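The structure under discussion appears below in the form of structure tokens.
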Amino acid sequence: MSDVSRGDDPPYPPVRARSQAIVSGARAETVIRSGYQRVLPPVGDLRRLKSGAGSLRLIERHVRAYRHLWLVFASGITEPLFYLLSIGIGLGVLVGKVPGPGGQLVPYREFVAPGLLAVSAMNGAMYDSTFNVFFRLKYDKLYDAVLATPIRPLQVALGEIGWALLRGVLYAVAFTLVMAIMGLVTSWWALLAVPVAVVIGFAFAAAGMAATTYMRSWQDFDYVILVSVPLFLFSTTFYPLSVYPRVVGVIVECTPLYQGVTLLRDLVLGAPGPDLIWRAAYLVVMGVAGVALAARRIARLLLP
Amino acid sequence: MLRRVPEVLVRARGLTKRFGAFTAVDGIDFDLFRGEAFGFLGPNGAGKSSTMRMIGCVSPPTSGELTILGGDPVRDGVAIRGRLGVVPQEDTLDIELTVRENLLVYGRYFGLPRKLIAERADQLLEFVQLTDRADSKVDPLSGGMKRRLVIARSLVNDPDILILDEPTTGLDPQARHVVWDRLYRLKQRGVTLILTTHYMDEAEQLCDRLVVMDRARIAAAGTPRELIEAYSSPEVLELRFAPEVHEAAAEKIKDLGTERIEATADRIMLYVDDGDEALERVRGTGLEPLASFVRRSTLEDVFLRLTGRRLID
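Chains A and B supply the protein sequences, listed in that same order.
Heads up, the first sequence is in this note's numbering, so the first residue is 121 and it goes up one at a time.
Heads up, the second sequence is in this note's numbering, so the first residue is 299 and it goes up one at a time.
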């Protein structure tokens with residue numbers, strides 16, 4: 121034990137750290153010598169971890185890991201913008217006006233922009249909660265390391281979904297700004313577009329992470345594309361529901377992205393109805409179910 | 299200077315872990331005291347890692363009693379994990395971060411303040427001799443460096459118990475010795491170590507007490523010396539004969555006396571009190587070995603006796 125103060129010996133940190141923290145000068149020696157007589161070690165702030173801050177630690181890790189890659193992040197916004205320019209402006213010239221949510225005719229670019237906003241919130245959230253979560257789960261072994269600490273599976277799920285959501289929201293905010301600059305926002309209700317984008321991002325991030333816990337290999341991600349591409353194309357993103365035969369229309373009305381598109385379109389074009397409440401509730405329930413499932417699956421996979 | 303009254307940090311009674319029909323750990327009992335280095339020895343698949351995972355609160359026991367730092371691993375898992383340091387069998391370093399960032403980020407998982415972690419990170423890097431690699435990514439590090447970084451990471455929360463699952467498996471001899479040296483220093487400072495290994499020299503060097511696990515059960519327990527005394531003889535006489543007389547010689551030596559003898563494909567081993575005297579007796583029968591070698595019994599003799607020479611993998 122007394123060997124701690126030997127000169128050739130690199131310091132064993134806890135002893136040194138404690139001695140520096142507690143005392144100085146002559147008394148330090150005593151503390152070093154009795155370094156391990158303490159009753160309880162500094163454990164950290166477990167209460168704060170319990171209250172959900174644990175998930176923030178994971179987000180903190182991602183900020184550190186990706187801060188050099190901010191350009192990759194920012195570039196994600198370009199995809200929906202390209203769609204807006206090519207389809208909204210380009211195709212819009214050919215289409216002219218289409219019936220909006222209140223039945224009034226609106227220019228096509230104003231019609232399609234909120235749909236693309238919903239898509240950007242979905243895609244932004246799905247990037248991280250699918251591919252990146254799979255990498256961390258299978259290759260980086262990040263969650264194995266994290267779960268050996270006080271952090272629990274639910275906090276892993278919330279942290280990952282929160283991080284994915286941040287990305288979705290970032291894209292949604294940028295996209296909304298572009299819409300406003302292009303004069304595509306005509307109602308004060310559009311201020312609600314960003315919180316609604318958060319809800320959309322939450323639903324898809326949670327569902328994406330839950331689905332990812334079932335993936336066996338990268339090939340399985342073809343299923344994600346099999347689901348997300350039709351959602352993107354057919355959720356009335358590019359044309360109104362009235363285009364579909366009644367039966368197809370009912371099916372579309374049940375899908376999640378349709379709720380998001382409708383929410384944003386009705387708000388941005390200034391025609392919100394009471395149905396928006398339960399459409400938002402649909403997305404919230406989907407998100408909560410996704411979080412619960414993702415947490416359960418993480419526990420099952422990594423804490424057998 | 300340590301407390302004289304032994305303080306039990308981990309207590310297991312009838313601890314069992316099943317995965318479906320497979321029983322990984324079958325009703326084991328042990329106590330871990332503060333300040334000691336406690337080893338689990340055993341061949342692959344003996345249940346060592348399953349036991350470590352239960353102690354690490356990342357695998358709930360199927361049945362039996364397990365108390366860690368006075369708490370229940372399922373109910374108090376969060377608080378217990380906050381006071382454990384874990385070196386898993388496979389490195390789980392964060393490959394998207396640098397060496398130093400691995401410590402900084404890991405400390406945050408315990409909810410420690412950034413300033414404290416930063417101080418500790420520097421000291422820990424010095425302790426594991428990685429200061430000059432602090433800003434390197436993890437991938438280019440050698441196996442030994444990665445292992446040392448995992449050990450540094452496991453100390454960032456100043457744990458009460460350090461759990462090491464095969465800390466030196468896969469390392470070259472030089473790297474193993476560096477890791478042993480660091481672990482020995484931790485032990486000298488009173489850190490409680492619990493480790494698994496299938497290297498006998500590792501167990502002999504580091505462990506105050508150990509258990510030998512075989513087929514999910516504890517086959518023997520004690521200090522290295524106690525185990526050698528109980529399960530082997532003071533000395534071992536190893537003999538080599540020409541291949542054509544090997545079997546005949548083995549038969550003849552078997553008839554010789556009461557000692558335990560073991561014949562492998564190329565050697566005959568006599569477990570005896572006095573190796574030189576036994577060699578004289580062998581020569582007395584007219585046998586002349588090509589080579590003979592008298593050595594003290596080691597844990598390896600105990601291990602092979604208890605777990606057999608069958609191939610596990």
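Backbone N, C-alpha and C define an ideal beta-carbon position, used for all residues, glycine too.
Since we're looking at a predicted model, the values are computed, not measured.
Item to check | Trp-478 of chain B to Ala-501 of chain B span [Cα, whole Å] | outcome: Here residue 478 of chain B refers to the residue found at position 180 when the second sequence is read from its first residue. Here residue 501 of chain B refers to the residue found at position 203 when the second sequence is read from its first residue. If I take the Cα positions, the gap works out to 10 Å.
Next on the checklist: If the criterion is Cβ atoms closer than 9 Å, does the pair Phe-328 of chain B and Val-489 of chain B meet it?
Outcome noted: On the second sequence, residue 328 of chain B is found 30 positions in, with the first residue counted as 1. On the second sequence, residue 489 of chain B is found 191 positions in, with the first residue counted as 1. Taking a C-beta distance under 9 Å as the contact criterion, Phe-328 of chain B and Val-489 of chain B do not qualify as a contact pair.
Next on the checklist: Relative to the C-alpha of Ala-326 of chain A, which candidate in A:Leu-201, A:Glu-230, A:Ile-418, A:Gln-224 has its C-alpha closest?
Outcome noted: To locate residue 326 of chain A, count along the first sequence from 1; it is residue 206. Considering only alpha carbons, the answer is A:Ile-418.
Item to check | Assigned secondary structure, Leu-346 of chain A (DSSP; H/G/I helix, E/B strand, else coil) | outcome: Here residue 346 of chain A refers to the residue found at position 226 of the first sequence. Three-state DSSP puts Leu-346 of chain A in a helix.
Next on the checklist: Taking a contact to mean a Cβ-Cβ separation below 9 Å, would you say Gly-328 of chain A touches Ala-245 of chain A in this structure?
Outcome noted: One-based indexing of the first sequence puts residue 328 of chain A at position 208. One-based indexing of the first sequence puts residue 245 of chain A at position 125. Cβ distance < 9 Å, so Gly-328 of chain A and Ala-245 of chain A count as in contact.
Item to check | Neighbourhood of Asp-506 of chain B by C-beta distance below 8 Å, restricted to the same chain and skipping five residues each side | outcome: One-based indexing of the second sequence puts residue 506 of chain B at position 208. Only Glu-334, Ala-335, Phe-336, Thr-521 meet the Cβ criterion.
Checklist entry - Short check: CB of Ser-347 of chain B to CB of Leu-423 of chain A, under 9 Å? => result Locating residue 347 of chain B in the second sequence gives position 49, counting from the first residue. Locating residue 423 of chain A in the first sequence gives position 303, counting from the first residue. It is not a contact, given that the beta carbons lie outside the stated cut-off.
Item to check | Within 9 Å, strictly: CB atoms of Leu-554 of chain B and Val-580 of chain B | outcome: On the second sequence, position 256 is the one that residue 554 of chain B refers to. On the second sequence, position 282 is the one that residue 580 of chain B refers to. Yes; because the gap between Cβ atoms is below 9 Å, this pair is in contact.
Item to check | Cys-355 of chain B classed as buried or exposed, judged by whether at least 16 other C-beta atoms fall within 10 angstroms | outcome: Working through the second sequence from its first residue, we reach residue 355 of chain B at position 57. A buried status is given to Cys-355 of chain B, since no fewer than 16 other beta-carbon atoms sit within 10 Å of its beta-carbon.
Next on the checklist: Measuring straight from C-alpha to C-alpha, what distance separates Gly-196 of chain A and Asp-437 of chain B?
Outcome noted: Locating residue 196 of chain A in the first sequence gives position 76, counting from the first residue. Locating residue 437 of chain B in the second sequence gives position 139, counting from the first residue. Rounded to whole angstroms, Gly-196 of chain A to Asp-437 of chain B spans 28 Å at the Cα level.
Checklist entry - Is it the case that the Cβ atoms of Ser-595 of chain B and Ile-551 of chain B are separated by a distance below 9 Å? => result Counting from 1 along the second sequence, the entry for residue 595 of chain B is found at position 297. Counting from 1 along the second sequence, the entry for residue 551 of chain B is found at position 253. No.
Checklist entry - Would you call Tyr-259 of chain A buried or exposed, if buried means 16 or more other Cβ atoms sit within 10 Å of its Cβ? => result On the first sequence, residue 259 of chain A is found 139 positions in, with the first residue counted as 1. That one is exposed.
Checklist entry - Given that Val-253 of chain A touches chain B, what residues does it touch there, using C-beta distances under 9 Å? => result Within the first sequence, the letter at position 133 stands for residue 253 of chain A. Neighbours of Val-253 of chain A on chain B: none; closest Cβ ~13 Å, over 9 Å.
Checklist entry - For Ser-590 of chain B, which residues does DSSP report across the bridge? => result As a position in the second sequence, residue 590 of chain B is number 292, starting the count at 1. Beta-bridge pairing links Ser-590 of chain B to B:Leu-537.
Checklist entry - For the region 352-383 of chain A, which segments carrying the alpha helix (DSSP H) assignment without a break, of at least 4 residues, lie completely within its bounds, in sequence order? => result 366-374
Checklist entry - Hey, how far is the Cα of Phe-281 of chain B from the Cα of Tyr-291 of chain A? => result Because chain B in this structure spans residues 299 to 611, residue 281 of chain B falls outside the shown range and cannot be described.
Next on the checklist: Considering Cα atoms alone, identify which of A:Gly-208, A:Thr-198, A:Phe-251 is closest to Gln-339 of chain A.
Outcome noted: Sequence index remark: in the first sequence, residue 339 of chain A carries index 219 (1-based). Distance check between Gln-339 of chain A and each of A:Gly-208, A:Thr-198, A:Phe-251 places A:Phe-251 closest, using alpha-carbon atoms only.
Item to check | Bridge partner(s) assigned by DSSP for Phe-331 of chain B | outcome: Position 33 of the second sequence, counting from 1, holds the residue named residue 331 of chain B. According to DSSP, which records beta bridges pairwise, Phe-331 of chain B is partnered with B:Val-306.
Next on the checklist: Any beta carbon from chain A within less than 9 Å of Thr-365 of chain B's own beta carbon?
Outcome noted: As a first step, residue 365 of chain B must be located in the second sequence, where it is residue number 67. False, the Cβ-Cβ gap to chain A never drops below 9 Å.
Checklist entry - When you compare only the Cα positions, how much space is there between Leu-401 of chain B and Val-454 of chain B? => result In the second sequence, residue 401 of chain B corresponds to position 103, counting from 1. In the second sequence, residue 454 of chain B corresponds to position 156, counting from 1. Those two C-alpha atoms are separated by around 7 Å.
Item to check | Alpha-carbon to alpha-carbon, Arg-311 of chain B and Gly-318 of chain B | outcome: Locating residue 318 of chain B in the second sequence gives position 20, counting from the first residue. Locating residue 311 of chain B in the second sequence gives position 13, counting from the first residue. For Gly-318 of chain B and Arg-311 of chain B, the gap between their C-alpha atoms comes out near 21 Å.
Next on the checklist: My parser needs the alpha helix (DSSP H) runs of 4 or more residues fully inside the region 438-508 of chain B; what are they?
Outcome noted: 441-452, 471-486, 498-504, all fully within the region 438-508 of chain B.
Checklist entry - In three-state terms, what does DSSP make of Arg-80 of chain A? => result This structure cannot settle anything about residue 80 of chain A, because the visible part of chain A is limited to 121 through 424.
Next on the checklist: So for Asp-553 of chain B, helix, strand or coil by DSSP?
Outcome noted: Here the question's residue 553 of chain B lines up with position 255 in the second sequence. Asp-553 of chain B falls in the helix class under three-state DSSP.
Next on the checklist: Do Val-232 of chain A and Gly-208 of chain A count as a contact pair if the criterion is CB distance below 9 Å?
Outcome noted: Working through the first sequence from its first residue, we reach residue 208 of chain A at position 88. Working through the first sequence from its first residue, we reach residue 232 of chain A at position 112. The Cβ atoms of Gly-208 of chain A and Val-232 of chain A sit closer than 9 Å to each other.
Item to check | Cβ pair Ala-363 of chain A, Ile-281 of chain A closer than 9 Å | outcome: Walking along the first sequence from the start, residue 363 of chain A turns up at place 243. Walking along the first sequence from the start, residue 281 of chain A turns up at place 161. The question names Ala, but residue 363 of chain A in the sequence shown is Val. No; because the gap between Cβ atoms is not below 9 Å, this pair is not in contact.
Next on the checklist: So Pro-424 of chain A contacts chain B; which residues on that side make the cut at Cβ distance below 8 Å?
Outcome noted: Here residue 424 of chain A corresponds to residue number 304 of the first sequence, with the count starting at 1. Ordered by position in chain B, the residues that pass the 8 Å Cβ test against Pro-424 of chain A are Phe-317, Ser-357.
Checklist entry - Counting only beta-carbon atoms, is Asp-260 of chain A nearer than 9 Å to chain B? => result As a first step, residue 260 of chain A is located in the first sequence; it is residue number 140 there, counting from the start. Judged by the 9 Å Cβ criterion, Asp-260 of chain A is in contact with chain B.
Item to check | Best match in A:Ser-348, A:Arg-336, A:Ile-345, A:Leu-377 for proximity to Ser-355 of chain A [C-alpha to C-alpha] | outcome: Here residue 355 of chain A corresponds to residue number 235 of the first sequence, with the count starting at 1. That would be A:Leu-377, whose Cα lies nearest to the Cα of Ser-355 of chain A.
Next on the checklist: Between Leu-169 of chain A and chain B, is any beta-carbon pair separated by less than 9 Å?
Outcome noted: Within the first sequence, residue 169 of chain A is the residue found at index 49, counting from 1. For Leu-169 of chain A, the predicted model reports a pLDDT of 45, less than 50, meaning its position is unreliable; a value from the coordinates is still stated below. It does; some Cβ of chain B falls within 9 Å.
Checklist entry - Is the CB-CB distance between Leu-383 of chain A and Arg-366 of chain A below 9 Å? => result Within the first sequence, numbered from 1, the residue matching residue 383 of chain A stands at position 263. Within the first sequence, numbered from 1, the residue matching residue 366 of chain A stands at position 246. No.
Item to check | Selection from A:Met-406, A:Gly-407, A:Glu-373, A:Tyr-334 that minimises the alpha carbon distance to Asp-395 of chain A | outcome: In the first sequence, residue 395 of chain A corresponds to position 275, counting from 1. Nearest of A:Met-406, A:Gly-407, A:Glu-373, A:Tyr-334 to Asp-395 of chain A, Cα basis: A:Glu-373.
Item to check | First through last residue of the alpha helix (DSSP H) which encompasses Ser-195 of chain A | outcome: Counted from its first residue, the first sequence places residue 195 of chain A at position 75. Looking at the DSSP string, the run of the alpha helix (DSSP H) that includes Ser-195 of chain A is 190-195.
Checklist entry - Does Gly-345 of chain B have its Cβ less than 9 Å from a Cβ in chain A? => result As a working mapping, residue 345 of chain B is identified with position 47 in the second sequence. No, because no Cβ of chain A sits closer than 9 Å to the Cβ of Gly-345 of chain B.
Next on the checklist: Need the endpoints of the beta strand (DSSP E) that Ile-559 of chain B sits in, please.
Outcome noted: Within the second sequence, the letter at position 261 stands for residue 559 of chain B. That run of the beta strand (DSSP E) goes 558-561.
Item to check | Within 9 Å, strictly: CB atoms of Ala-432 of chain B and Thr-396 of chain B | outcome: Translated into the one-based positions of the second sequence, residue 432 of chain B becomes position 134. Translated into the one-based positions of the second sequence, residue 396 of chain B becomes position 98. Contact flag set, yes.
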